[in-house]
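S.K.: Order-wise, the sequence lines are chains A and B. At position 157 of the first sequence (counting the first as 1) the number is 156 in numbering that gives the first Met the number 0, and the numbers step up by one without a gap. At position 1 of the second sequence (counting the first as 1) the number is 0 in numbering that gives the first Met the number 0, and the numbers step up by one without a gap.
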Amino acid sequence: MEAITTVPASQEDLYRDAAEKYGASLERLAAAYEADPEKRRDLSQDIHFQLWRSFQRYNARCSLRTWVYRVAHHVAVSYVMRQSRVFSTLVSLEELEMLPDGVDGQLAANRRMNLQRLSALIQKLKPLDRQVIVCYLEDMDAASIAEITGLSPANVAMRIHRIKNVLAKRFHEGGSYGG
Amino acid sequence: MADELPGSPKTIWQDQTLEVPAMTMERLRQKAREVHAKTRRELFGNTAAALIAVAISGFGILRGPGGWLRLAFVLALAWALAGQFFLHRGMWSVPSPADAGLTTGLEFYRLEIKRRRNLFGRVLRWSFGPVVLSIGALILVLTGFAQSRGISITAVLPFCIAFAVWIIAALVLRARAWRELRRELEELDTAGRAG
Chain A
0 MEAITTVPAS QEDLYRDAAE KYGASLERLA AAYEADPEKR RDLSQDIHFQ LWRSFQRYNA
60 RCSLRTWVYR VAHHVAVSYV MRQSRVFSTL VSLEELEMLP DGVDGQLAAN RRMNLQRLSA
120 LIQKLKPLDR QVIVCYLEDM DAASIAEITG LSPANVAMRI HRIKNVLAKR FHEGGSYGG
Chain B
0 MADELPGSPK TIWQDQTLEV PAMTMERLRQ KAREVHAKTR RELFGNTAAA LIAVAISGFG
60 ILRGPGGWLR LAFVLALAWA LAGQFFLHRG MWSVPSPADA GLTTGLEFYR LEIKRRRNLF
120 GRVLRWSFGP VVLSIGALIL VLTGFAQSRG ISITAVLPFC IAFAVWIIAA LVLRARAWRE
180 LRRELEELDT AGRAG
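See the structure below:
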């Protein structure tokens, strides 16, 4: 878990610090919630705007990273919830494990294709599972993911186990994933 | 760790090239102005149903027959006006994502679903209800008008059928969305209980 560090003074300083450290991660997070590049840009700008606003209230009771990811996921969840018929199109991790892949191994060897498949797979997931998988792909440990999502570390570990199974099944079968 | 091999999902995910937007302070302030303008537009959009109910009820009170039909129009008018208050009352106390940095993803998601579910109920009660009552009363006025002039009742039948279909479709869609939200809430409660 990331340590809580001494905070810079102003809202602008905090925002600049966060944007510099997590800007690329936030773009990937936006990509996990919106496939269309134009809409993704809007979502990304919303995330940055809400993050900037949020630093008026930041009091270092959690680490900067936890704060940034929480606010960013909250914005993205609100964005997903505004879409109509959202729940009938999204699946849980358990349901995802059951779904057939439907892509042949030759195609899966292509790196760009793999990114598209990975993004499509993430965008199918319900918000809470999506938060877990995005944090997992950003290389966070179970305790950090638990702090962001509010699930227990054991619950997060169980979900990560499922995520690994799904990823191994879908990417190993394509010949490009060794995990 | 196997995950960190080239071509692993983590590497694929972290290596993707995405344009990071240059969010200057001026752009953020511009975004704030855009958000305020959007909120005003949404607020105006939310009053559209009430305006329809008020317009129809006003017409019915002034030009319609007396008796219980006028009472129905008065009721629809009062309902629509009161609805504007009750519909918007809870809207401004909702925490925005920026205010919820200390709230976990699970809790925020649960609050979002509850808020949405409550909004569905409020819209049905305070926006859809007065519109249905005012249009229903208007149909009765038009039917009476047609009968008094010896025009066949079938002349207003298509309008009545369209009105009934609209009410049923709206209720079915709302009920389906409401059930989905309830199911999602139950799943979250299960996840929350699991820790």
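Positions of the beta carbon are idealized from the N, C-alpha and C atoms, including for glycine.
Excluding the 5 residues flanking L141 of chain B on each side, which residues of the same chain have their C-beta closer than 6 Å to its C-beta?
M.R.: V155
S.K.: Cα-Cα, which of A:A29, A:S24, A:P152 is closest to V76 of chain A?
M.R.: A:A29
S.K.: Quick check on W66 of chain A: buried or exposed, where buried means 16 or more other Cβ atoms within 10 Å of its Cβ?
M.R.: So W66 of chain A counts as buried.
S.K.: By DSSP, does L106 of chain A sit in helix, in strand, or in coil?
M.R.: Below a pLDDT of 50, predicted positions are generally treated as unreliable, and L106 of chain A, at 49, falls in that range; no measurement from the model is reported.
S.K.: Determine the chain A residues that contact F107 of chain B at a beta-carbon separation under 7 Å, and present them in chain order.
M.R.: H73, V76
S.K.: By the criterion of Cβ-Cβ separation under 7 Å, what are the contact partners of P96 of chain B in chain A?
M.R.: Q49, V70, H73, V74, S77
S.K.: Would F199 of chain B and R173 of chain B qualify as a contact pair, given that the criterion is a beta-carbon distance under 7 Å?
M.R.: As displayed, chain B neither begins before 0 nor continues past 194, which places residue 199 of chain B out of reach and without an answer.
S.K.: With distances taken between CB atoms, is the gap from V165 of chain A to L95 of chain A smaller than 7 Å?
M.R.: A contact, by the Cβ cut-off of 7 Å.
S.K.: Against chain B, does K96 of chain A count as a neighbour if the rule is that its beta carbon must be under 7 Å from one of theirs?
M.R.: Checking the sequence, you will find Glu at residue 96 of chain A rather than Lys. So no, E96 of chain A is outside the interface.
S.K.: Is N113 of chain A near I11 of chain B, with beta carbons less than 7 Å apart?
M.R.: yes
S.K.: Taking the alpha helix (DSSP H) that L74 of chain B falls in, what are its first and last residues?
M.R.: 66-88
S.K.: Measuring CB atoms only, is the region 122-129 of chain A touching the region 35-48 of chain A, in the sense that at least three cross pairs come out at less than 8 Å?
M.R.: no
S.K.: Leaving out the 5 sequence neighbours to the left and right, which residues in its chain are closer than 6 Å to F54 of chain A when beta-carbon positions are compared?
M.R.: Q10, L13, Y14
S.K.: With a threshold of 7 Å between beta carbons, is K113 of chain B in contact with chain A?
M.R.: no
S.K.: So, with DSSP's three-state summary, where would you put L17 of chain B?
M.R.: Correct three-state label for L17 of chain B: coil.
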